[in-house]
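2 protein chains.
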Amino acid sequence: MPVNLQAPVPEQLHPVAGVRLGIAEAGVRKAHRKDLVVIELAEGSAVAGVFTQNRYCAAPVQVCREHLAVGTAVRALVINTGNANAGTGADGLARARRTAAALAAQVGVQPQQVLPFSTGVIMETLPVERIEAGLPAALADLSATNWGRAAEGIMTTDTLPKAASRQVQIGGKTVTVTGISKGAGMIRPNMATMLGFVATDAVIAPALLQPLVKAAADASFNRITIDGDTSTNDSFVLIATRQAGHAEITALDSAEGQALQAAVFAVAQQLAQAIVRDGEGATKFITVQIEGGRTEAECQLAAYAIAHSPLVKTAFFASDPNLGRILAAVGYAGIADLDQTRIEMFLDDVHVVTQGGRNPAYREEDGQRVMKQAEITVRVHLGRGAASATVWTCDLSHDYVSINADYRS
Amino acid sequence: MPVNLQAPVPEQLHPVAGVRLGIAEAGVRKAHRKDLVVIELAEGSAVAGVFTQNRYCAAPVQVCREHLAVGTAVRALVINTGNANAGTGADGLARARRTAAALAAQVGVQPQQVLPFSTGVIMETLPVERIEAGLPAALADLSATNWGRAAEGIMTTDTLPKAASRQVQIGGKTVTVTGISKGAGMIRPNMATMLGFVATDAVIAPALLQPLVKAAADASFNRITIDGDTSTNDSFVLIATRQAGHAEITALDSAEGQALQAAVFAVAQQLAQAIVRDGEGATKFITVQIEGGRTEAECQLAAYAIAHSPLVKTAFFASDPNLGRILAAVGYAGIADLDQTRIEMFLDDVHVVTQGGRNPAYREEDGQRVMKQAEITVRVHLGRGAASATVWTCDLSHDYVSINADYRS
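Chains A and B are the protein sequences, given in the same order.
Numbered by this note's numbering, the letters in the first sequence go through residues 33 to 441 in order.
Numbered by this note's numbering, the letters in the second sequence go through residues 33 to 441 in order.
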């Protein structure tokens, strides 16, 4: 039951010059399921990515890091669902390399020019021969207008595909930013999330791509949580085909750089929020906004304490303004010298807590009214400084338990 | 549905010379419910406590800290359920003080000689007049054999009372250690848990009581988690009435000190584990044992990452050996230079992971067999050193969601 999320309309997903996508049914785990996606990039494209900080990172993540470190021009990405190829040791690493090599051979590039991605069950052997067998069909399907179908092709427990697109004028040219993402559980990206792919035809200096993807991740995928579980496979990749025809962007803080960054942030945030809206079992979309902190880091501590608390999340599920649970989470967030008498709390427009205690003017029915909404903003003011942080999350429902108790069966 | 937990048998709860307990129905939140407990201590008793590290600590916790800091001899404790008196600001503090003063007046001691405790809903006004009105009945009920009824009197969402008792020979005398605890949700004590009370008649130098209660908490209540939510009211109190008649214990590392410590640890661990066994919605009791770490702190990081992961906890609920979720949790626990190729994992006697990958000898049916048990030990070897840590937790079930979505209604 996704929260205010619709399937993307294919016609509104603008093609990015230099990017073609192909989808196939490879039967990685189950038959008759789009589970293999190839993204082909034109010569001259630049690619940067950020990956999970989970020390148990998956084999394909390790191969991606290696290939990006080599510095060769990436020409293709291959993504399978149904199997994460994580917790699979040296054999898993060999299978990830074999996947990249197989696609490289079929498109006529070096293995280092291919990035492999996997998502699905952890600790099972990747059936690489099925992926190899599926590649010709995916390549035959390549098209610039396949963004919507590719979004479907990377889904696992997602109930809807996730895609976003923006166009912006830079140097008199129309620049496109289009992306897809997936994910609904094991979501607390610590660097980026499994999986986000955003492409633009902007002409940007390749050296700027890595700072841009990092900044975009920090403003989007690194600000969402569903269950606090950081995946082994989180990957967020930004592609610039550099075909839009305007003068090269050589600084992110130039007017053109800022215009591009705004478009990339908007696409990344929409994709990240789509993951929360489609969170496993989600019935509410919650924005947690912490203000008045000394540092952004301590605001994040408080925001994540609220966003991860099973007690807070079940109260949202129940539409129960049991707001003391939010205060308790702020209290144990790890801000050592927090003064509870300075805390103010708002639920949307309702002023619930003042000077650390219940606001005398607060009426339960006002809290109840807000809690019944599908979208709720919790705003906590720490009264210590000027820093702030925002995190997006969802509630914890019976369906979350059902989905994760049944996932493999 | 508590996991292998029976109600304590009153006759097996040995009275502690110098301690009497009285229980009453004060109607704090609901009528016809034992919700008020008074514990009276004989002159010469020593008391030490550890309290929640939640910065949003409740008013009674603040009052307890003040009264213990004054150093006056504590002569009585008063505990109410139904209302936590947390998130209640200056008014809540005044009401906690008034509770202590009311009991002090009725037993003829100074207010500073009374410790107040509250547990229940957060952010609601404590009906102190109902507690005052209930005190005479609680005092009329005082008896040395009331430990079992007092355990019932401090329950909230607990389904069973929790009590434990041990006797040990010290200096030719029988020394008794008896205690009670409560708690089923908002359980991730960061210092001690809401609420644990352990009393002994051991003759122990009062200065040793604080290090002993701290050590006991670290070996028991500070090693359990149900939902990762650290309560605003956690309190663990150790009382020594010093009436057992043996020579005074003046060092914890003496033979007598070690004998007493072992008995206190045993009672505290049984009480702490009882809280997990009665965890909200619990169907499994899980021991998470991390070995081979460089430091105890990093072992705890890994243990809590596993014990808090909703994905791991739902897999236990489903009896599904989806063990990659445990590896993922170890990976994101925050051990910066963890080498995944050195990880070994066991589920009871079943060797699941070797060198970071699936053990070739592992068979799914063996994992399945263990996962179906009501008590499971997860053992992870990090391959980095000789430190270890153990944490006790339970699974995450539909009933946890139901209980916490309905708690206030």
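We put the CB at the ideal spot given by N, CA and C, even for glycine.
*When you check each C-beta in the stretch 373–397 of chain A against every C-beta of chain B, which residues fall closer than 9 Å?*
Thr373, Ile375, Val384, Val385, Thr386, Gln387, Gly388, Gly389, Arg390
_So, at 6 Å on beta carbons, what are the nonlocal neighbours of Val209 (chain B) in its own chain, with the 5 sequence-adjacent residues on each side left out?_
Arg198, Thr232, Ala295, Val296, Val299
*Tell me whether Cys89 (chain A) sits in a helix, a strand or coil according to DSSP, three-state version.*
coil
*Would you mind stating whether Val51 (chain A) and Leu68 (chain A) have Cβ atoms separated by less than 8 Å?*
no
*Is Ala39 (chain A) near Val70 (chain A), with beta carbons less than 8 Å apart?*
no
*Sort A:Asp438, A:Glu407, A:Val423, A:Gly76 by Cα distance to Val35 (chain A) and report the nearest one.*
A:Glu407
*Beta-carbon separation of Ala276 (chain A) and Ala239 (chain A) under 8 Å?*
no
_Run through the DSSP bridge pairs and tell me what Thr386 (chain A) is partnered with._
A:Gly389
*From the DSSP output, read off the bridge partner residues of Pro148 (chain A).*
A:Val110
*asked:* By the 9 Å beta-carbon criterion, what residues does the stretch 115–142 of chain B contribute toward chain A?
replied: Ala116, Ala118, Gly119, Thr120, Gly121, Ala122, Asp123, Gly124
_Backbone secondary structure at Leu37 (chain A) - three-state DSSP_ = coil
_Per DSSP, the bridge partner or partners of Glu376 (chain A)_ = A:His413
*Taking 8 Å as the cut-off, decide whether the C-beta atoms of Ile338 (chain A) and Ala361 (chain A) are in contact.*
yes
*Would you say His430 (chain A) reaches chain B, if we count a Cβ-Cβ gap shorter than 8 Å as a contact?*
yes
_Rounding to the nearest angstrom, what Cα-Cα distance links Gly388 (chain A) and Ala347 (chain A) in this structure?_
20 Å
*Counted within 10 angstroms of its Cβ, other Cβ atoms place Gln144 (chain B) as buried (16 or more) or exposed*: buried
*With distances taken between CB atoms, is the gap from Ala132 (chain A) to Leu270 (chain A) smaller than 8 Å?*
no
_Interface partners of Thr264 (chain B) on chain A, CB under 7 Å_ = Ala360, Gly363
*Cβ neighbours of Val31 (chain A) in the same chain (closer than 6 Å, five flanking residues each side left out)*: This structure cannot settle anything about residue 31 (chain A), because the visible part of chain A is limited to 33 through 441.
*Which stretch, first to last residue, makes up the beta strand (DSSP E) that contains Ile270 (chain A)?*
The sequence shown places Leu at residue 270 (chain A), not Ile. That run of the beta strand (DSSP E) goes 267–272.
*Are the CB atoms of Ser267 (chain A) and Phe83 (chain A) nearer to each other than 8 Å?*
yes
*asked:* So for Lys66 (chain A), helix, strand or coil by DSSP?
replied: coil
*Smallest Cα separation from Leu284 (chain A): which of A:Gly260, A:Val245, A:Asp310?*
A:Val245
_Test: Phe253 (chain A) CB closer than 8 Å to a CB of chain B_ = no
*Figure out for me which residue from A:Cys331, A:Phe349, A:Ser263 has the closest Cα to the Cα of Tyr364 (chain B).*
A:Ser263
*According to a CB-to-CB cut-off of less than 8 Å, which residues of the stretch 405–435 of chain A neighbour chain B?*
Leu428, Ser429, His430, Tyr432, Val433, Ser434
_In this structure, how does DSSP classify Pro241 (chain B) when only helix, strand and coil are distinguished?_
Before going on, a small fix: residue 241 (chain B) reads as Leu here, not Pro. In the structure shown, Leu241 (chain B) sits in a helix (DSSP, three-state: H, G or I).
*Is DSSP giving Val141 (chain A) helix, strand or coil here?*
coil
_Please return the same chain residues whose Cβ sits closer than 6 Å to the Cβ of Arg274 (chain B), not counting the five positions on each side in sequence._
Gly76, Val235
*Are the beta-carbon atoms belonging to Arg181 (chain A) and Gly324 (chain A) less than 8 Å from one another?*
no
_Between which two residues does the beta strand (DSSP E) holding Ser445 (chain A) run?_
Not covered by the structure: residue 445 (chain A). The range shown for chain A is 33 to 441.
*In chain A, what lies closer than 8 Å to Pro342 (chain B) by C-beta?*
Asp259, Gly260, Asp261, Pro342, Leu428, Tyr432, Asn436
*Sort A:Val384, A:Ala437, A:Ala172 by Cα distance to Asn354 (chain A) and report the nearest one.*
A:Val384
*Which residues DSSP lists as bridging Arg401 (chain B), in chain order*: Note: Arg401 (chain B) sits in no beta bridge, so no partner.
*On the premise that Ser150 (chain A) lies in contact with Asn265 (chain A), defined as a C-beta separation below 8 Å, what is that separation, rounded to the nearest angstrom?*
6 Å
*chain A beta carbons: is any one of them nearer than 8 Å to that of Asp190 (chain B)?*
no
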